[in-house]
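The numbering of the sequence shown is numbering that gives the first Met the number 0, which starts it at 0 and goes up by one. Even for Gly, the Cβ is constructed at its ideal location relative to N, Cα and C. Working notes for the structure below.
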Amino acid sequence: MKQPALAAVLLLALLPTVARCLSTNETEARLWFTEFDAKLAVEKNKVVEASWANAVNLTKENAQKVVEANLAHTEFLREQRAEMRQRFDWKQFSDRNLTRLFDKADDIGTSAANASMQERYGQLSTQMSGIYSTAQVPHPDTGKMMQLDPDITDALADPNESERVKRALWQGWRDASGKRMRQNYTDFVTMGNLMIREAGYSNIAQYWQSWYEPRPGQNFTDMMAKLWDVALPFYQQLHAYVRRKLRDKYGAELFPETGHIPAHLLGNMWAQSWFNVEKLTTPFPDLSTVDITEKMNKLGWNATKMFRVSEEFFTSIGLDPMTDTFWEKSVLTRLPDVKMVCHASAWDFYTNKGDFRIKQCTSITTNYLGTTHHEMGHVQYYQQYEKQPVLYRRGANPGFHEAVGDTLELAVMTPGHLHKIGLLDEIIESKDYYLNYLFQMALQKAAFIPFGYLIDLWRWQASEGRLAPEKYNEGWWKLRCGLQGVSSPVPRSEDDFDPGAKYHVPNNTPYIRYFVSHFLQFQLYEALCNISGHNGPLYKCDFYQNKQAGDALKKFLAHGSSLHWEDVLSELTGTTELRADSLVRYFAELNEFLTEENKKSGERVGWDADCPSADWYTTTTSAPETTTLAAGRAATSGTVGWWAAVGAAALARRLLAV
Numbered sequence: 000m001k002q003p004a005l006a007a008v009l010l011l012a013l014l015p016t017v018a019r020c021l022s023t024n025e026t027e028a029r030l031w032f033t034e035f036d037a038k039l040a041v042e043k044n045k046v047v048e049a050s051w052a053n054a055v056n057l058t059k060e061n062a063q064k065v066v067e068a069n070l071a072h073t074e075f076l077r078e079q080r081a082e083m084r085q086r087f088d089w090k091q092f093s094d095r096n097l098t099r100l101f102d103k104a105d106d107i108g109t110s111a112a113n114a115s116m117q118e119r120y121g122q123l124s125t126q127m128s129g130i131y132s133t134a135q136v137p138h139p140d141t142g143k144m145m146q147l148d149p150d151i152t153d154a155l156a157d158p159n160e161s162e163r164v165k166r167a168l169w170q171g172w173r174d175a176s177g178k179r180m181r182q183n184y185t186d187f188v189t190m191g192n193l194m195i196r197e198a199g200y201s202n203i204a205q206y207w208q209s210w211y212e213p214r215p216g217q218n219f220t221d222m223m224a225k226l227w228d229v230a231l232p233f234y235q236q237l238h239a240y241v242r243r244k245l246r247d248k249y250g251a252e253l254f255p256e257t258g259h260i261p262a263h264l265l266g267n268m269w270a271q272s273w274f275n276v277e278k279l280t281t282p283f284p285d286l287s288t289v290d291i292t293e294k295m296n297k298l299g300w301n302a303t304k305m306f307r308v309s310e311e312f313f314t315s316i317g318l319d320p321m322t323d324t325f326w327e328k329s330v331l332t333r334l335p336d337v338k339m340v341c342h343a344s345a346w347d348f349y350t351n352k353g354d355f356r357i358k359q360c361t362s363i364t365t366n367y368l369g370t371t372h373h374e375m376g377h378v379q380y381y382q383q384y385e386k387q388p389v390l391y392r393r394g395a396n397p398g399f400h401e402a403v404g405d406t407l408e409l410a411v412m413t414p415g416h417l418h419k420i421g422l423l424d425e426i427i428e429s430k431d432y433y434l435n436y437l438f439q440m441a442l443q444k445a446a447f448i449p450f451g452y453l454i455d456l457w458r459w460q461a462s463e464g465r466l467a468p469e470k471y472n473e474g475w476w477k478l479r480c481g482l483q484g485v486s487s488p489v490p491r492s493e494d495d496f497d498p499g500a501k502y503h504v505p506n507n508t509p510y511i512r513y514f515v516s517h518f519l520q521f522q523l524y525e526a527l528c529n530i531s532g533h534n535g536p537l538y539k540c541d542f543y544q545n546k547q548a549g550d551a552l553k554k555f556l557a558h559g560s561s562l563h564w565e566d567v568l569s570e571l572t573g574t575t576e577l578r579a580d581s582l583v584r585y586f587a588e589l590n591e592f593l594t595e596e597n598k599k600s601g602e603r604v605g606w607d608a609d610c611p612s613a614d615w616y617t618t619t620t621s622a623p624e625t626t627t628l629a630a631g632r633a634a635t636s637g638t639v640g641w642w643a644a645v646g647a648a649a650l651a652r653r654l655l656a657v
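Right, dumping it as structure tokens:
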């Protein structure tokens, strides 16, 4: 036998011996993991500190420090994973919890890639984030430079602002943000996929979906499509009703025959919430509505007051108050004389000393009261699982974290609760009054659902290579028109990059979590209402001061991600399944009303699958002279009958087949 061949045989003979050298000693493994966990907390704190400093003071120096901190963190993860793999055969542990911890420590995502790739990835990320956070738009009349928050946001929300100004600001924001990062994002997708393959995933989409730990036989995308299937009929009724009301306000010439609603008329930069068109669309305008903006301002509320009120709801049900560090270090209003990221966010600094913070450029509005409870829900989650290992200090799945504050918001925003805390002078116990209230909640909650769905549908397409970079914007509008039933007010082309005009895209924050949370929050709300002993319509439930509900919620939160999310959900709700039933029950009376009203008015329910044609933009009085939408639309134009025939799940699959 030749010597190289002999060496190969000897090596193969030794391999089982090498494998047997991996330790299955669980006591040794626990000691190793305890040390690793302590070091991991220190490393994560460094990243969060650098990211916070940059978020509240956007400078090149601070941005570079974020890149450097992330590079150091990824190197730490790679080194620790290598050591872990060389020492332990954790798949053989009898302690399933210990195996789960080691599995999580082994899955380091894009950190598995080399340092040069990490550095480029970090640079692309900070560049896109910087473009978004510093973008400004000139007012079409005065030329004054306007920031997204609060300037442009307030203008789009104002029902008295002209359609012409809204349209100009809508387009201007996309020119100043997304359009400027198109190539960066294309490179970012390519780099992300190269990096994640080093961790054993085919692409970023597969990696993100793995966070939901689908059981054998489960398909995550099918699970999401089924939720949308259940929510779609109610959304269609809401869409038709709002479209008719807005058409009456702005004129039929602005509304395409395809049945879509022009996106700039829905009171929000992304048409993700329709709350700001409530005054134009509410069913019974002569009745008082639950818009407490005026009342809060009249009472002299400021940002701190809003956060204190939110804190008091948590403490009333037995959960923890915010820490001293929270009040000392949070940034609750825009800082003067610096550029900062105003998008609201909650932060865990991993100190084990109660360092949790919120960054939010608060305005005294109904919307921001809801946002405040949402962010405070994140912090309450941080507090409850603070004693868990670092790798368990996250939501049971990403949607859980988003749902907590919104669950409490459902109770806080009830007329009964607002009356208790002095924000409503009276409650009118009539069916019409509560239909107005449900309509208001639908504009916030139900209107969001397709938008929450489509952002990651688009990103999954891009990541999986089913949507070519040269068709990024076409693919985006295919989903917005097809799923959400909204259209651009101006022609779009592949010179544009409209996904980048939404914070979560340049900041690489997965979005399907918000879709999940909009179903989960109603499940959690109904469960807590049942525990509290509530009787009557679900939408009237307020579990304020109910310690039984608080105890159940505290236990739910304390698990973090130590258990599979289905087990955590089952413990509180009695089911392992994420369902739309609670949402449907909550809005049942409103759905019945909208269905009848749409029948009476003869309003078409639904919209075409495809966007308005390029010809429509050249003939409508709303369209300025600009480039036309890129060619390549699907040839078949859908109708409401088509919608009924194929269903939402099939529609999603059709729209994804680019």
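Tell me which residues share the same chain as residue i and place their Cβ nearer than 6 Å to its Cβ, disregarding the 5 neighbours each side in the sequence.
i: Val583; result: none
i: Thr594; result: Gln236
i: Ile426; result: Pro414, His418
i: Thr572; result: Gln522, Ala526
i: Ser581; result: Phe521, Gln522, Glu525
i: Ser569; result: Thr575
i: Trp475; result: Trp457, Asp497, Pro498
i: Ile260; result: Arg242, Val485
Between residue i and residue j, what straight-line distance do the alpha-carbon atoms span, to the nearest angstrom?
i: Phe75; j: Cys360; result: 34 Å
i: Asp431; j: Ile316; result: 31 Å
i: Asp102; j: Ala62; result: 32 Å
i: His377; j: Gln387; result: 16 Å
i: Pro468; j: Pro215; result: 33 Å
i: Ala198; j: Arg77; result: 11 Å
i: Ile291; j: Trp31; result: 54 Å
i: Tyr211; j: Leu523; result: 18 Å
i: Phe325; j: Ser429; result: 41 Å
i: Asn296; j: Thr370; result: 17 Å
i: Ser110; j: Asn202; result: 14 Å
i: Glu82; j: Leu100; result: 15 Å
i: Glu385; j: Leu123; result: 32 Å
i: Lys90; j: Asn96; result: 11 Å
i: Tyr120; j: Gln85; result: 28 Å
i: Phe586; j: Tyr381; result: 31 Å
i: Arg181; j: Ala156; result: 27 Å
Considering Cα atoms alone, identify which of the options is closest to residue i.
i: Asp186; options: Gly559, Ala461, Pro611, Asn218; result: Ala461
i: Asp455; options: Ala198, His503, Ala112; result: His503
i: Ala613; options: Trp172, Arg77, Glu67, Thr257; result: Thr257
i: Tyr493; options: Met116, Leu466, Leu589, Cys540; result: Going by the sequence as given, residue 493 is Glu instead of Tyr. Checking every option, the nearest Cα to that of Glu493 belongs to Leu466.
i: Asn44; options: Asp94, Val567, Val389; result: Val389
i: Thr152; options: Asp140, Leu168, Pro137, Lys143; result: Leu168
i: Ser329; options: Thr618, Ala28, Leu39, Trp51; result: Trp51
i: Val485; options: Met268, His563, Thr350; result: Met268
i: Asn301; options: Thr364, Phe399, Thr618; result: Thr364
i: Ala134; options: Lys352, Cys341, Gln379; result: Cys341
i: Arg163; options: Met190, Val489, Leu478; result: Val489
i: Arg356; options: Val47, Thr23, Ala37; result: Val47
i: Thr73; options: Lys64, Gly108, Asn396, Asp88; result: Gly108
Leaving aside the five residues before and after residue i along the sequence, list all residues of the same chain whose C-beta is less than 7 Å from its C-beta, in chain order.
i: Phe312; result: Leu407, Val411, Tyr543
i: Asn56; result: Val337, Met339
i: Asn507; result: Ser124
i: Ser362; result: Pro149
Would you mind stating whether residue i and residue j have Cβ atoms separated by less than 8 Å?
i: Val403; j: Leu556; result: yes
i: Arg80; j: Ala104; result: yes
i: Gln439; j: Val308; result: no
i: Leu589; j: Leu434; result: yes
i: Met127; j: Tyr184; result: yes
i: Trp459; j: Ala204; result: yes
i: Ala579; j: Tyr234; result: no
i: Leu453; j: Leu482; result: yes
Apart from the five residues just before and just after residue i, which ones in its own chain have a Cβ nearer than 8 Å to its Cβ?
i: Pro137; result: Lys143, Met144, Met145, Gly171
i: Glu25; result: Phe92, Ser93, Asp94, Leu97
i: Phe447; result: Gln271, Ser272, Tyr513, His517
The stretch 546-566 touching the stretch 492-500, judged by at least three CB pairs closer than 8 Å | Of all C-beta pairs linking the stretch 546-566 to the stretch 492-500, fewer than three are shorter than 8 Å, placing the two stretches out of contact.
Is it true that the stretch 241-255 meets the stretch 596-613, where meeting means three or more beta-carbon pairs spaced less than 8 Å apart?
-> Segments in contact, yes.
Decide if the stretch 219-237 is in contact with the stretch 508-522; the criterion is three or more beta carbon pairs, one per stretch, under 8 Å apart.
-> Between the stretch 219-237 and the stretch 508-522 there are three or more C-beta pairs closer than 8 Å, enough to call the two in contact.
If we count Cβ pairs, one from each stretch, closer than 8 Å, do we get three or more for the stretch 162-177 versus the stretch 524-542?
-> no
Within the chosen definition, does the stretch 270-286 reach the stretch 234-252 through at least 3 CB pairs nearer than 8 Å?
-> yes
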